[in-house]
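Numbering (our numbering), first residue to last: 167 to 319.
Below is the structure:
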């Protein structure tokens, strides 16, 4: 099974995501109210949901739109009417929650498939040199003949 060496396999500590969230909110604060769709948030929400599961992904998907509304209300002094930026925040909230749910489900599915494949690989003796499979009676069979025999069963 192919593994991606640049992605860590284990779950990342939540403090990493808290620090990155604070940094993203700071960058959002510095860029101002006219940057409409912070696409970095999407990548971050996907990463949180992938590595730490559904609940942390949902927390980030809910926190980030509300921080933007808070910045609009208290710091940037509403460059648009309140209905416009609340509607924008609601749209972001719904799309980011759906993204977090989908990503968390995909990550769990991938983890369960990896576990099943590792279990099956450990049960099936395959020669590392010739890639033949050891069958009944400790006889080595070619993989092609094994596939043909299993299709006739």
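Even glycine gets a Cβ: it sits at the ideal position worked out from N, Cα and C. It should be emphasised that the depicted structure is a prediction, and the values quoted were computed from it without experimental measurement.
C-alpha gap between residue i and residue j, whole angstroms
| i | j | result |
| --- | --- | --- |
| residue 280 | residue 188 | 33 angstroms |
| residue 184 | residue 239 | 23 angstroms |
| residue 276 | residue 178 | 17 angstroms |
| residue 319 | residue 213 | Low confidence applies to residue 319: its pLDDT is 41, below 50, so where it sits in the model is not reliable enough to give any reading. |
| residue 254 | residue 193 | 19 angstroms |
| residue 223 | residue 237 | 22 angstroms |
| residue 268 | residue 221 | 12 angstroms |
| residue 293 | residue 283 | 17 angstroms |
| residue 260 | residue 211 | 13 angstroms |
| residue 186 | residue 308 | 51 angstroms |
| residue 301 | residue 285 | 18 angstroms |
| residue 204 | residue 297 | 49 angstroms |
CB contact below 8 angstroms: residue i versus chain D
| i | result |
| --- | --- |
| residue 255 | Given the protein chain composition of this structure (a single chain), no chain D is represented. |
Start-to-end residues for the alpha helix (DSSP H) that takes in residue i
| i | result |
| --- | --- |
| residue 297 | Taken as a continuous stretch (DSSP letters only), residue 297 belongs to no alpha helix (DSSP H), as it is neither H nor E. |
| residue 242 | Premise fails: residue 242 is in no alpha helix (DSSP H) and is neither H nor E. |
| residue 248 | 248–289 |
| residue 186 | 180–197 |
| residue 207 | 205–218 |
Outcome for residue i when other beta-carbon atoms lying within 10 angstroms are tallied against a minimum of 16
| i | result |
| --- | --- |
| residue 258 | buried |
| residue 217 | buried |
| residue 209 | exposed |
| residue 201 | exposed |
| residue 289 | exposed |
| residue 305 | exposed |
| residue 248 | exposed |
| residue 291 | exposed |
| residue 181 | exposed |
| residue 234 | buried |
| residue 266 | buried |
| residue 273 | buried |
Contact belief for residue i with residue j at Cβ below 8 angstroms, rounded distance in angstroms
| i | j | result |
| --- | --- | --- |
| residue 230 | residue 207 | 5 angstroms |
| residue 215 | residue 270 | 4 angstroms |
| residue 242 | residue 198 | 7 angstroms |
Near the ligand ATP: residue i beta-carbon under 7 angstroms from a heavy atom
| i | result |
| --- | --- |
| residue 252 | Inclusion of the ligand ATP in the displayed structure is not the case, the ligand content being empty and no account of it being possible. |
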